[in-house]
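In my numbering, the protein residues as written are -17 to 170.
Cβ atoms here follow ideal geometry from the backbone N, Cα and C, with glycine treated the same way.
Structure (structure tokens):
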């Protein structure tokens, strides 16, 4: 649903509540209808599909979370500007297990649009660091890990950060793997 339809519904509820309070003298029902107008206003700023996707992610149900995210067909017309980052952030979290290569651009977009919570920014930079480390960009990965550690004030991701730093300390296997067909190359 377009975000401006929600504002129109809220305006109609406010007008209906005022009409009931002033002209029909139904003060109780007018107040109820007037207070009901807060729901579409709340859903203008916080999209219901994003809220339901967060709820499903909390329950570790990625399939249902992705269903709620697919309900958002055009995020620029259906979401408020402050929700753009969270849309891409949730898309990245849903795709993280199945398609890890698609996560990095989504997390970059999420950080560009902005995330309100520090732990969300820390998770996004941690995912970017994982992508950089897996592609062999060690310095960028180290910088992103330090940034994620600074953003993680609650200490929720200390184990993941420590594990990734240990991965950075390990030597890359590409330098140490020898081709078995190359053993006798210098003898003949």
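Cβ-based burial, residue i [other Cβ within 10 Å; buried from 16]
i: residue 158; result: Residue confidence is low: residue 158 scores 49 on pLDDT, short of 50, so the model does not pin down where it sits. Its coordinate-derived value is still stated next. Burial call: exposed.
i: residue -10; result: exposed
i: residue -3; result: exposed
i: residue 50; result: buried
i: residue -16; result: exposed
i: residue 102; result: buried
i: residue 136; result: exposed
i: residue 106; result: buried
Close beta carbons around residue i, own chain, < 6 Å, minus the five adjacent residues each side
i: residue 46; result: 38
i: residue 134; result: 104
i: residue 88; result: 70, 73 and 74
Where residue i sits in the DSSP three-state scheme
i: residue 31; result: helix
i: residue -1; result: helix
i: residue 140; result: helix
i: residue 158; result: In this prediction, residue 158 scores a pLDDT of 49, lower than 50, which makes its location untrustworthy; no coordinate-derived value is stated.
i: residue 40; result: helix
i: residue 19; result: coil
i: residue 152; result: coil
i: residue 50; result: helix
i: residue -17; result: coil
i: residue 5; result: coil
Top-ranked residue by Cα proximity to residue i, from the options
i: residue 53; options: 34, 64, 40 and 142; result: 34
i: residue 99; options: 119, 111 and 65; result: 65
i: residue 29; options: 80, 55 and 1; result: 55
i: residue 149; options: 44, 19, 123 and 31; result: 123
i: residue 90; options: 63, 36 and 113; result: 113
i: residue 0; options: 93, 120 and 18; result: 18
Check: residue i C-beta below 7 Å from any heavy atom of the ligand MG
i: residue 68; result: Among the ligands in the structure shown, none appear at all, so the ligand MG cannot be discussed.
Beta-carbon proximity list for residue i, same chain, < 7 Å, skipping 5 on both sides
i: residue 75; result: 39
i: residue 57; result: 66 and 69
i: residue 62; result: -15, 26 and 27
Same chain only: Cβ atoms within 8 Å of residue i, ignoring 5 sequence neighbours per side
i: residue 8; result: 2
i: residue 117; result: none
Contact with chain D by residue i, beta-carbon distance below 8 Å
i: residue -15; result: Although the question refers to chain D, the structure presented lacks it and comprises just one protein chain.
Runs of alpha helix (DSSP H) lying entirely within the region 52 to 132, each at least 4 residues, in chain order: 57 to 60, 66 to 77, 85 to 95 and 100 to 116
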